[in-house]
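Novice: Heads up, the sequence shown is in UniProt numbering, so the first residue is 1 and it goes up one at a time.
Note that CB positions come from ideal geometry on N, CA and C, so glycine has one too.
Remember, it's a predicted structure, so these values are computed and weren't measured experimentally.
A single structure is presented below for examination.
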Amino acid sequence: MSVPVTGRASAHAGKSIWHAAWLPPAAFRELGSRPVLVHGEGLLVDTVLDEVSRACARYGGRVWHGPPWQVDADLVLALREAGRVPNVAAESARLGATPAVNGAGDGALGDEGYLLARVDGVTVVLADAPAGLLYGMFHVVRLGAAAFDDELPARRHRPALDRRILDHWDNVDIHPVSGQIERGYAGGSLFWRDGAARHDHARLRDYGRLLAACGVNAITVNNVNVHDTEARLLTDRLGDVAETAQVLRPYGVRVHLSVSFAAPVVLGGLPTADPLDDRVRAWWAAATRRVYQRIPDFGGYVVKADSEGRPGPFAYGRDHADGANLLAEALAPHGGVVRWRAFVYDHRQDWRDRSTDRARAAHDHFAPLDGRFDDNVILQVKFGPIDFQPREPVSPVLAAMPATRLAVELQATQEYTGQQRHVCYLGPWWSEVLRFRPRGEAGGTIADVAAGRAGAGGGLVAVANVGDDPFWTAHPLAQANLYAFGRLAWDPLLVPGAILDEWIDLTWLPVATGDPETVRRTMHAIMDDSWRTYERYTAPLGVGFMVRPGHHYGPDVDGYEYTPWGTYHFADRDGVGVDRTRATGTGFTGQYPPPWSEVYESRERCPDELLLFFHHVPYRHVLHSGRTVIQHIYDTHFAGVEEVAAMRERWRLVAGAVDPAVHDRVAERLDEQFRSAVEWRDQINTYFFRKSGVPDAHGRRIH
Ligand code: GCV
1 MSVPVTGRAS AHAGKSIWHA AWLPPAAFRE LGSRPVLVHG EGLLVDTVLD
51 EVSRACARYG GRVWHGPPWQ VDADLVLALR EAGRVPNVAA ESARLGATPA
101 VNGAGDGALG DEGYLLARVD GVTVVLADAP AGLLYGMFHV VRLGAAAFDD
151 ELPARRHRPA LDRRILDHWD NVDIHPVSGQ IERGYAGGSL FWRDGAARHD
201 HARLRDYGRL LAACGVNAIT VNNVNVHDTE ARLLTDRLGD VAETAQVLRP
251 YGVRVHLSVS FAAPVVLGGL PTADPLDDRV RAWWAAATRR VYQRIPDFGG
301 YVVKADSEGR PGPFAYGRDH ADGANLLAEA LAPHGGVVRW RAFVYDHRQD
351 WRDRSTDRAR AAHDHFAPLD GRFDDNVILQ VKFGPIDFQP REPVSPVLAA
401 MPATRLAVEL QATQEYTGQQ RHVCYLGPWW SEVLRFRPRG EAGGTIADVA
451 AGRAGAGGGL VAVANVGDDP FWTAHPLAQA NLYAFGRLAW DPLLVPGAIL
501 DEWIDLTWLP VATGDPETVR RTMHAIMDDS WRTYERYTAP LGVGFMVRPG
551 HHYGPDVDGY EYTPWGTYHF ADRDGVGVDR TRATGTGFTG QYPPPWSEVY
601 ESRERCPDEL LLFFHHVPYR HVLHSGRTVI QHIYDTHFAG VEEVAAMRER
651 WRLVAGAVDP AVHDRVAERL DEQFRSAVEW RDQINTYFFR KSGVPDAHGR
701 RIH
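Here it is, written out as structure tokens:
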């Protein structure tokens, strides 16, 4: 049996219908079939009440909020500050009179935390602020029947990072080059269409709900490349931003705005945007005051400055600290932050000049500025030194600025990882990045850097991968990346396979599939290793790019080789890779602290998967794996295609066990992935065979 699973919007006859993603109604079955008590007041408590009420109406449970109480609840969701809970078990937990709860450790719950416990046959969620209650409720939903199991351990839950943000690269106007969404692969924007706001509140609200359920608490509504119309979101089009903020607010999602550094000139009519000019400072202060008048919980600004042609402080002989502090000063009285992006490099470099290295640029620009940024400046750093490749070392900037709040930027939209036509579950890759220790085993992790002191650091940001496609992410399995981002931002130590299990449980509910265990096994078999599969059939050993210029889909080995973009592989008849050593190359390895400065410098010690990022080596160089570089290239490219063929077969076997619309969409995407993987394999293998003249040890067909 298979049952189509659609979102609440299926009730909106005549309007578009979208997939429920990880919150189909049946995800609330356990909660909705019980007596539930909600205790407390506030906008987000109302959201909890609304969610619980709808679930109970559907599944036969009952909900109490306010007197007359008289209820033997199975579930109590209570704000501690709301006073006595009219339920004995929950009240004793609130008073700290329950041993299990006391054993759950100390510590404040904060604005978003909650305590979850099973006390005398009652499941209790306690929070100190409404957002905590909302997150606690979604935890109960995730647990399903296990939330009502007497073995449920009592635990306090708090997000490791306060800031868990999705940046949308959405344009208001359809941009002639980048379209409605820059690097968007899931249809149109949820916010904007063809120059205007969409006002699709039902869809937006559902989006906020999905975000809250995985822990995301902020979004940016427009592209970091701020064009003319989008610049005006700050001023005369602010109403559209306020409207979005209002729709998302009940789910605890705050709104941020990308702004143009040139706004005082293009919007304010000033002759300059010089950050040290008093007129400019006054203009930003006034504009920001107006933003907070309309949106009191506004999160802050995002700025891409002096990067890929965007305006910035360099035009006035000022540096990035001057620029960022200008906006920080305007935001500070209102509690907002400016996220200033560190993605700054020379995109007009001369490919003949081998000493200039794009990988070095962010560190060269920003590390010397450590300590100069105001407290409410967050420097937002892409996780790798180049640009969201399927394999890069972690950016050395993340280890170089202890006196600056740093945010780590990931890319959920799959610009370089198959553009949501290929299955590529990014959880394992992000987890590897977050667990990396830039100062070696004795030092902290990248997640610690993003968390800062007590979670108040810059946080984790991802470029969003959703659009108005019925499946949100076009490839239904790419929903897992959005979900995994939120969960890893909440707890970077979560294991990607376990996150996938959560997503599978919530999305592919047993009631909607004929054979839940087979569906689960199939999902894992297809997705667990899909990032590594993608890596195998694309650019080898960390060298990166080799994509078609412009749109970045599919192979073109030399596509960027003789361009100004700084992304080269330097393959010749003898070898391939970029020499970034201090001894003979660009010196990039010197931007890392020990031990990585030494590990990466050494051809012998450098991890295989990053060898060509750091070294130019002969084709017959022997890797730690025992294979030569050239044989590794051939083997992994043949293996990658076989793995995609196996994914396709596996998916065929679950036809009939999942929603047919989802099955068709995934099947169609897997066909394209297979075609594309074959193209990658044949172009990469042929290119390196022709360059090197070294035949495949196994005599397989190379063109
Ligand atoms: C929004 C890469 C992408 C651009 C993107 C840029 C950035 O260069 O290809 O589309 O611009 O990164 O992160 O600013």
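State the Cα-Cα distance for the pair GLY7 and LEU190, rounded to the nearest angstrom.
Specialist: Bear in mind that the predicted position of GLY7 carries a pLDDT of just 47, short of 50, making it unreliable; the figure below should be weighed with that in mind. The alpha-carbon atoms of GLY7 and LEU190 are separated by roughly 15 Å.
Novice: Can you tell me which of the three DSSP states GLY187 falls into?
Specialist: GLY187 falls in the coil class under three-state DSSP.
Novice: Please look up how many angstroms separate the CB atoms of GLY640 and TYR553, rounded, as I've assumed it's under 8 Å.
Specialist: The pair is not a contact, with the Cβ atoms about 16 Å apart (cut-off 8 Å).
Novice: Determine the DSSP secondary structure at MET527, reduced to helix, strand or coil.
Specialist: Helix at MET527.
Novice: Using a Cβ-Cβ cut-off of 6 Å (strictly less than) and excluding sequence neighbours within five positions of GLY144, which residues of its own chain qualify?
Specialist: Cβ within range, chain order: GLU30.
Novice: Considering only DSSP beta bridges, list what GLY300 is partnered with.
Specialist: Beta-bridge pairing links GLY300 to HIS256, VAL337.
Novice: Pick out whichever of GLY42, VAL71, PRO24 has its Cα sitting closest to the Cα of ALA55.
Specialist: Here the closest residue by C-alpha is PRO24.
Novice: Any heavy atom of the ligand GCV within a distance shorter than 7 Å of the CB on ASN171?
Specialist: No, the ligand GCV has no heavy atom inside 7 Å of this Cβ.
Novice: Go ahead and label SER625 buried or exposed: buried means 16 or more other beta carbons lie within 10 angstroms of its beta carbon, across all protein chains shown.
Specialist: That one is exposed.
Novice: Give the DSSP-derived three-state secondary structure of ALA442 in the structure shown.
Specialist: Correct three-state label for ALA442: coil.
Novice: Shortest alpha-carbon distance to GLY132 belongs to which of TRP430, GLU91, GLY42, VAL101?
Specialist: It is GLY42 whose Cα lies nearest to the Cα of GLY132.
Novice: Closest to SER355 by CA distance: which of GLY239, GLN411, ASP277, THR581 is it?
Specialist: Comparing Cα-Cα distances from SER355 to each of GLY239, GLN411, ASP277, THR581, the minimum goes to THR581.
Novice: From which residue to which residue does the beta strand (DSSP E) around VAL36 run?
Specialist: Element bounds for VAL36: 35–39.
Novice: Suppose only complete runs of 4+ residues qualify. What are the alpha helix (DSSP H) ranges in the region 440–505, listed by chain order?
Specialist: Entirely contained in the region 440–505, the alpha helix (DSSP H) runs reaching 4 residues are, in chain order, 446–451, 479–490.
Novice: Spatial neighbours of GLY312 within its chain, please: CB distance less than 7 Å, with the 5 preceding and 5 following residues excluded, ordered by chain position.
Specialist: Within the same chain, GLY312 has close Cβ partners PHE261, ALA305, ASP306, GLY323.
Novice: Cutting at 6 Å between CB atoms, please list the residues of its own chain near ASN685, excluding the five before and the five after it.
Specialist: Within the same chain, ASN685 has close Cβ partners TYR634, HIS637, ILE702.
Novice: If we count Cβ pairs, one from each stretch, closer than 8 Å, do we get three or more for the region 567–581 versus the region 616–630?
Specialist: Verdict: yes, contact present.
Novice: Across which residues does DSSP place ALA287 in a beta bridge pair?
Specialist: BP columns for ALA287 are empty, so no partner.
Novice: Which two residues bound the contiguous alpha helix (DSSP H) that contains residue 731?
Specialist: Nothing about residue 731 can be read from this structure; the chain reaches only from 1 to 703.
Novice: To the nearest angstrom, report how far apart PRO595 and ARG439 are at their CA atoms.
Specialist: Cα to Cα, PRO595 sits roughly 6 Å from ARG439.
Novice: The beta strand (DSSP E) that contains ARG603, what's its start and end?
Specialist: Segment: none, ARG603 is in no beta strand (DSSP E) and carries neither H nor E.
Novice: Just the C-alpha distance for ARG209 and THR47, rounded to the nearest angstrom, thanks.
Specialist: Going by the C-alpha atoms only, they are around 10 Å apart.
Novice: Could you spell out where the beta strand (DSSP E) holding ARG155 opens and where it closes?
Specialist: Segment 155–157, the beta strand (DSSP E) holding ARG155.
Novice: Per DSSP, what kind of secondary structure is ARG521 in: helix, strand or coil?
Specialist: Reduced to three states, the DSSP call for ARG521 is helix.
Novice: Would you call the region 280–300 in contact with the region 251–265, where contact means no fewer than 3 C-beta pairs closer than 8 Å?
Specialist: The region 280–300 is in contact with the region 251–265.
Novice: From ALA474 to ALA480, what does the alpha carbon distance come to, in whole angstroms?
Specialist: C-alpha separation (whole angstroms): 12 Å.
Novice: Where does ALA97 sit, in a helix, a strand or coil, going by DSSP?
Specialist: The answer is coil: DSSP assigns ALA97 none of H, G, I, E or B.
Novice: I want to check one thing, is the minimum distance from the CB of ASP346 to the heavy atoms of the ligand GCV below 7 Å?
Specialist: No, since every heavy atom of the ligand GCV falls outside the 7 Å radius drawn around the Cβ of ASP346.
Novice: TYR135 lies in the alpha helix (DSSP H); which residues open and close that run?
Specialist: Its alpha helix (DSSP H) spans residues 130–143.
Novice: So does PRO343 have its beta carbon nearer than 7 Å to some heavy atom of the ligand GCV?
Specialist: Before going on, a small fix: residue 343 reads as Phe here, not Pro. Yes, Cβ of PHE343 sits closer than 7 Å to a heavy atom of the ligand GCV.
Novice: Kindly indicate if chain D contains any beta-carbon less than 8 Å away from that of ASN223.
Specialist: Looking for chain D here will not work: only one protein chain is present.
Novice: Taking only three categories from DSSP, how would you classify ARG620?
Specialist: It is coil, neither helix nor strand.
Novice: Per DSSP, what kind of secondary structure is LEU508 in: helix, strand or coil?
Specialist: Looking at the sequence provided, one finds Trp at residue 508 rather than Leu. Coil at TRP508, not helix or strand.
Novice: Nearest-angstrom Cα distance between ASP162 and ASN465?
Specialist: Going by the C-alpha atoms only, they are around 21 Å apart.
Novice: From this set, ARG80, VAL463, VAL280, which residue's C-alpha is nearest ALA218's C-alpha?
Specialist: The shortest Cα separation from ALA218 among ARG80, VAL463, VAL280 belongs to VAL463.
Novice: Confirm the yes/no value for this check: CB of ASN376, any heavy atom of the ligand GCV, distance under 7 Å.
Specialist: Outside the cutoff, so no.
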